[in-house]
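Structure first, then comments.
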C-alpha cells in the first residue's frame, strides 16, 4: 500500500485508528478456548466487529510466538484473513526486528514475502544495514522505533550528543534510508507536546502513536501537534478495544469501543479540514 | 546454567567456541532437502559432528522464522535435541527481541519457558523494562546487544554524550538490571583493541563475540584483550563452520573446522593459564 492509498482510506473511513491485536491467549474469553485455533477465532471476530472503524491492524508478534509454531499459524491466518476480506486495511507486524543485513533479509522474507503484511516495526540500534533489507519490497513499509512510550525509553533514547537526542538522531539519519512512501516512525505520545519538535524533523512522514486512550485529552493533543496535511498519524489502541469485554458479546463491545475512538478521530479530522 | 558451570565446561572442553546455527535453507546441501524437516536434519548432523569442540550453540531465529510455523518446529526440535543429548552445552536463541514489559514477558515465555534455551539475545533500545522480563528465570541469561560488528553499528552505537558512547552507556546502565550470572553482552570484535576499554566497564561479564574467523590474528587479539579469570568469552563462528562444505561429508568438514578453532582456543587458554 502506498502513502496516497493510505490517506484515501483515512478520508474514506474518517478514522486513523490502528487496532493492536495483542491477542494474549490467557485473556481471550474462555468460551472460545475450545476452538481449534483460539487466537485466530478471537481475532476474526474482533476484526469483523471493528474493521469499519479501522484503517490498520497491528498484531504484536510476541503474543503469537509465545504459542510456538501454532501461534505462527494463527498469525499467518490472521493477516491473510484481513487481506482477503478487507484489502484496504493496512497491516503491521509489530515484531521489532533488526539484525545484520543478511539476517534482516530473512526477517523481511518472513513477514513481507511469506506473509502479506504491509509493514513491520524495526528497531534501529544496529543501524542502516539492519533496516534497509526491509525497504526492498514495493509498497511495503518499515515502521522504525524512534521514541517509545515505556518507562525504559528514558534509559537510552534521550542520550544527548551536542543537543541531539538519540531518538532525534534516529529520525534524522534514517530519512536517508527510506522515503515518506516506505518509512514511518513509532513515536510514543507520553508527552504529546514533544510532537512539535518531532514534526520539525519529520513533517511529512506517517507516525505510529502507541498508548493513546479511548477518550480525553491525549487524542486531542496528539492530533493538535501531530497531524499533517495527509493526516500523517496512525493512533493505536490495543487492550482498550480487544479486551474491553470478556462475555459472548466481546466482539460487539470491541466494535463499540473502536467506534467511540473513530468518532473522536472524525471530529479532529474535521477540525483540521482533512475531511 | 550458571556462570561456574559454563566456566567448568570451557575448562573441560578446552574451548570457548559458540557455533552459530544460521541454517539458511537455501544453503543446506541439496541431498538433505528431501527430508521431512530439512533444517533440523542439517542441524542434527552439524551438532553431532561439532559438539565435542563446542561450548555453545546459537541458532539465529531469523533463519527459522523465514520458514514460518515449520521453521519454528525446526528451531524447537533443534534446541531440544541439543539439551537432550549434550546437556552441558549452552544454547542461545539469537532473537534480538525487546518490547514493552508485558510483551517482552511473552517473548521470554516463548524462548526461555516453552523452549529450553539457556539464553536469548536482547536489543537494548527500549531500556530497562524491555529487558528485565527476560531476567526472571533461574539460570537463564540475557545476552544484551552492546556493540555489534556490522557497518550500521556506526550509525547510533557511537552516539556520544559527555565522553560516553551509547554502547558504553548500555554496558554501564544495564549492570544494574542483572548480574554476571544472568547477563552477557554482544561485543563486535571488528577492532579487538576496543576490548581494553570494554573490559574496564565489564571486567567480569561473559562477552559473546561474533564475527571472528577460524584462523589468524583476530582470535589472538580478542583473547589478548578480552579474556578474564573465568575466560569470560564465547566466540562465535557460523558460516565458516556450518557451510564450509556442501558435499555428503559436510558434517565431517564442519567438525574439522570447529576442531581447528578449538585447537587455537586451547592454545590461548593455556597461554593465559586458564587450563
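Residue numbers (my numbering), protein chains in the order written: chain A, 1 to 275; chain B, 276 to 550. By construction, the Cβ of each residue, glycine as well, lies at the ideal position given by its N, Cα and C atoms. Every value quoted in this text rests on a predicted model; they were computed, and no experiment measured them.
| Check | Outcome |
| --- | --- |
| For a test of the three-state rule: what should DSSP assign to residue 222 (chain A), helix, strand or coil? | helix |
| Going by DSSP in three states, residue 279 (chain A) sits in which element: helix, strand or coil? | Because chain A spans 1 through 275 in this model, residue 279 (chain A) falls outside it and cannot be assessed. |
| Label residue 478 (chain B) either buried or exposed according to how many other C-beta atoms from any shown protein chain fall within 10 Å of its C-beta, with 16 as the threshold for buried. | exposed |
| Taking the alpha-carbon of residue 452 (chain B) as reference, which of B:506, B:297, B:411 and B:328 has the nearest alpha-carbon? | B:411 |
| In chain A, which residues lie less than 8 Å from residue 429 (chain B) when you measure between Cβ atoms? | 127 |
| According to DSSP, simplified to helix, strand and coil, what is residue 185 (chain A)? | strand |
| Please compile the residues from chain B whose C-beta is within a distance smaller than 9 Å of the C-beta of residue 169 (chain A). | 430, 431 and 434 |
| Would a check of beta-carbon distances place residue 420 (chain B) closer than 8 Å to chain A? | yes |
| Using a cut-off of 8 Å between C-beta atoms, extract the partners of residue 410 (chain B) located in chain A. | The premise fails here: residue 410 (chain B) is roughly 13 Å from chain A at the closest Cβ pair, so nothing lies under 8 Å. |
| Ignore the nearest five residues each way along the sequence and tell me which others in residue 14 (chain A)'s own chain have a CB closer than 8 Å to its CB. | 262, 265, 266, 269 and 275 |
| Opposite residue 285 (chain B) in the DSSP bridges: which residues? | Beta-bridge pairing links residue 285 (chain B) to no other residue. |
| Using the beta-carbon of each residue, which ones in chain A are nearer than 8 Å to residue 382 (chain B)? | 62, 65 and 66 |
| Do you know how far the Cα of residue 113 (chain A) is from the Cα of residue 128 (chain A)? | 21 Å |
| Excluding the five sequence neighbours on either side, which residues of its own chain have a C-beta within less than 6 Å of the C-beta of residue 238 (chain A), listed in chain order? | 20 and 22 |
| Should residue 46 (chain A) go down as buried or exposed, given a rule of 16 or more other Cβ atoms within 10 Å for buried? | buried |
| One question on the structure: do residue 329 (chain B) and residue 292 (chain B) come within less than 8 Å of each other, judged by their Cβ atoms? | yes |
| For residue 295 (chain B), list the residues DSSP reports as bridge partners. | B:333 |
| How is residue 347 (chain B) classed by DSSP in three states: helix, strand or coil? | helix |
| Between residue 201 (chain A) and chain B, is the shortest Cβ-Cβ distance under 8 Å, so that the two count as touching? | no |
| Given a cut-off of 8 Å on the beta-carbon distance, is the pair residue 398 (chain B) and residue 373 (chain B) in contact? | yes |
| How about residue 88 (chain A) and residue 59 (chain A): do their beta carbons lie closer than 8 Å? | no |
| Any idea which residues DSSP pairs residue 209 (chain A) with across the strands? | A:235 |
| Can you tell me whether residue 466 (chain B) is helix, strand or coil according to DSSP? | coil |
| Name the chain B residues whose beta carbon is nearer than 8 Å to that of residue 98 (chain A)? | 371 and 398 |
| Identify, in the order they occur along the chain, each residue of the same chain with its Cβ nearer than 7 Å to the Cβ of residue 352 (chain B), setting aside the five sequence neighbours on each side. | 312 and 315 |
| Strictly below 8 Å CB to CB, what residues from chain A border residue 441 (chain B)? | 156, 159 and 166 |
| Residue 318 (chain B) by DSSP, collapsed to three states: which one? | helix |
| Applying the 10 Å Cβ sphere with the 16-neighbour rule, what's the burial state of residue 251 (chain A)? | buried |
| Under the assumption that residue 365 (chain B) contacts residue 323 (chain B) (Cβ atoms under 8 Å), give the Cβ distance between them as a whole number of angstroms. | Not really, about 17 Å apart at Cβ, beyond 8 Å. |
| I'd like to check one pair, residue 205 (chain A) with residue 232 (chain A): are the Cβ atoms closer than 8 Å? | yes |
| Opposite residue 440 (chain B) in the DSSP bridges: which residues? | B:435 |
| Please report the straight-line C-alpha distance between residue 490 (chain B) and residue 303 (chain B), rounded to a whole angstrom. | Low per-residue confidence applies at residue 490 (chain B): pLDDT is 42, beneath 50, and the placement is therefore not dependable, though the value from the model is reported in the following sentence. Distance between the alpha carbons of residue 490 (chain B) and residue 303 (chain B): 24 Å. |
| For residue 519 (chain B), collect the residues of the same chain with a Cβ closer than 7 Å to its Cβ; drop the 5 residues on either side in sequence, then sort them by chain order. | 528, 529 and 532 |
| Is any beta-carbon of chain B found at less than 8 Å from that of residue 173 (chain A)? | yes |
| What number of angstroms, rounded off, separates the C-alpha of residue 385 (chain B) from the C-alpha of residue 318 (chain B)? | 20 Å |
| Three or more beta-carbon pairs under 8 Å between the segment 185-202 of chain A and the segment 215-229 of chain A, yes or no? | yes |
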